[in-house]
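What follows is a set of notes on a single structure, which appears directly below.
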Amino acid sequence: MFQQKSYQTQVSGTLYLVPTPIGNLDDMTLRSCKLLKECDLIASEDTRNTQKLLNHIDSQVPQMSLHEHNYRERVPQLIKLLKDGKTIAQVSDAGMPSISDPGHELVVACIQEQIPVVAVPGPTAGLTALIASGLTPQPHYFYGFLPRKKKKQVEELQKLADQVATLIFYESPYRVAATLEAMRMVFGGERQVVICRELTKIHEEYIRGSIDELCEYLQETVLKGECCLLVAGKLEEEPILAEYSLEDGLEMIATRVAAGTKATKAIKEVAKETGLSRQELYSAYHQEE
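Here full-length UniProt numbering is used: position 69 in the sequence shown is 69, and no number is missing along the way.
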């Protein structure tokens, strides 16, 4: 058991998880700027990319790279520095560290060594897109990047097909059309979907419609910029709002038939609307003829 009290005096240093802008540099919070100026070291996914941000906020703090290709070597080095009392800020190229970005391994190692890990709130693409999408914000299910290979992608989508939560994915603009085609195969074409691209930048855009509509749109349009793809969850069965008797159902069928609807279609519609048995309605209706 490790009970962390984040803001009490610690023997070791502290790892701060600092979010960085997903596009607009003005989204840096005062607290994040202060941490990136006052910490002892910054662990960066890409030191060249982070240096642009450090120049913008006038930070002179040194960096050490931490990414998917070197984390096995870097994590022990960073743990040693933290044990020596150094304060380290971990950042990814954009948004929250560890969300579809490297860095989770360092967090796990810190917890194992009982080194405090403090998350700083700030920019994140998934929730930013969700609240402006128009889709139901609660519940939501964050997935991130789907597998690239179609077979694996379809397998993952099939696992999500019955989710009633709004689904949140990250996707490359070069693969979003193919991903939507896979979603059409698994979810059907009627589900509502929103493509959010270039979030917080000057060319920010929300493209809303059904999966069918967006698949058609992307046949003639090439997107640019990283995309956040939000998909409405599976609709739950509509509740039956009133109790209907068999006599009520027969009366509704008779009204529709008198208006020109074929009996078979009228029986099907009334069964769906009332929750009455289609077979019982069929038998009762034809007995009365």
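Ideal Cβ positions, reconstructed from N, Cα and C, are used throughout, including at glycine.
From a predicted model like this one, the values you see are computed outputs, not experimental measurements.
Legend entry - Spatial neighbours of Phe-169 in its chain, beta-carbon cut-off 8 angstroms, leaving aside the 5 residues before and after: Answer for Phe-169: Tyr-143, Gly-144, Phe-145, Leu-146, Thr-179, Cys-228, Leu-229, Leu-230, Val-231, listed in chain order.
Inset, instruction - Give every residue of the same chain whose Cβ lies closer than 7 angstroms to the Cβ of Cys-39, excluding the five residues on either side of it in the sequence, and list them in chain order. - result: Tyr-16, Val-61, Thr-87, Ile-88, Ala-89
Inset, instruction - Provide the residue(s) that pair with Thr-274 in DSSP beta bridges, ordered along the chain. - result: For Thr-274, which the question treats as bridged, DSSP gives no partner whatsoever.
Inset, instruction - Identify whether Cys-228 lies in helix, strand or coil by the three-state DSSP scheme. - result: strand
Legend entry - Contact between the segment 219-227 and the segment 147-156 (3+ Cβ pairs under 8 angstroms): no
Inset, instruction - Can you give me the start and stop residues for the alpha helix (DSSP H) that residue 290 sits inside? - result: The question about residue 290 has no answer here: the residues shown for the chain are numbered 1 through 289.
Inset, instruction - Within its chain, find whatever has a CB closer than 8 angstroms to the CB of Leu-241; leave out the 5 residues flanking it on each side and keep chain order. - result: In this prediction, Leu-241 has a pLDDT of 47, which is less than 50 and means its spatial position is unreliable; nothing more can be read from the coordinates.
Inset, instruction - Could you give the DSSP three-state label for Tyr-71: helix, strand or coil? - result: helix
Inset, instruction - Keeping to the same chain, check which residues put their C-beta closer than 7 angstroms to that of Ala-109; ignore five residues upstream and five downstream. - result: So the qualifying residues of the chain are Val-75, Ile-79.
Inset, instruction - Pick helix, strand or coil for Tyr-7, following the three-state DSSP scheme. - result: coil
Legend entry - Alpha-carbon spacing of Thr-264 relative to Tyr-174, whole angstroms: Cα to Cα, the separation comes out at about 47 angstroms.
Inset, instruction - With a threshold of 16 other CB atoms inside 10 Å of the CB of Val-164, please say whether the residue is buried or exposed. - result: Exposed is the label assigned to Val-164, since fewer than 16 other Cβ atoms lie within 10 Å of its Cβ.
Inset, instruction - For Glu-171, count neighbouring C-beta atoms within 10 Å of its own C-beta (all shown protein chains included) and say buried if the count is 16 or more, exposed if not. - result: buried
Legend entry - contact_flag[the segment 272-284, the segment 241-261] where n(CB pairs < 8 angstroms) is 3 or more: yes
Inset, instruction - Please state if the CB of Thr-20 and the CB of Pro-116 are separated by a distance shorter than 8 angstroms. - result: no
Inset, instruction - In the DSSP assignment, find the unbroken beta strand (DSSP E) run with Glu-2 in it and report its ends. - result: With the sequence shown as reference, residue 2 is identified as Phe, and Glu is not the correct amino acid for it. Here Phe-2 belongs to no beta strand (DSSP E), and DSSP marks it neither H nor E.
Inset, instruction - Can you grab the Cα-Cα spacing for the pair Asp-84 / Gly-233, in whole Å? - result: 48 angstroms
Legend entry - Given Leu-54 as reference, the closest of Ser-32, Tyr-71, Arg-72 once Cα atoms are compared: Ser-32
Inset, instruction - Identify, in the order they occur along the chain, each residue of the same chain with its Cβ nearer than 8 angstroms to the Cβ of Pro-121, setting aside the five sequence neighbours on each side. - result: Pro-19, Thr-29
Legend entry - Span of the beta strand (DSSP E), counted from its first residue to its last, around Arg-208: 205-210
Inset, instruction - Would you mind listing the alpha helix (DSSP H) stretches within the segment 74-117 that are 4+ residues and don't spill past its ends, in chain order? - result: 104-112
Legend entry - Sequence-distant residues of the same chain with beta carbon closer than 6 angstroms to Glu-105, five excluded per side: Excluding its 5 nearest sequence neighbours in each direction, Glu-105 has C-beta neighbours in its own chain below 6 angstroms: Tyr-71, Val-75, listed in chain order.
Inset, instruction - Rank Thr-274, Ile-211, Arg-256, Met-96 by C-alpha distance to the C-alpha of Phe-187 and give the top, closest one. - result: Ile-211
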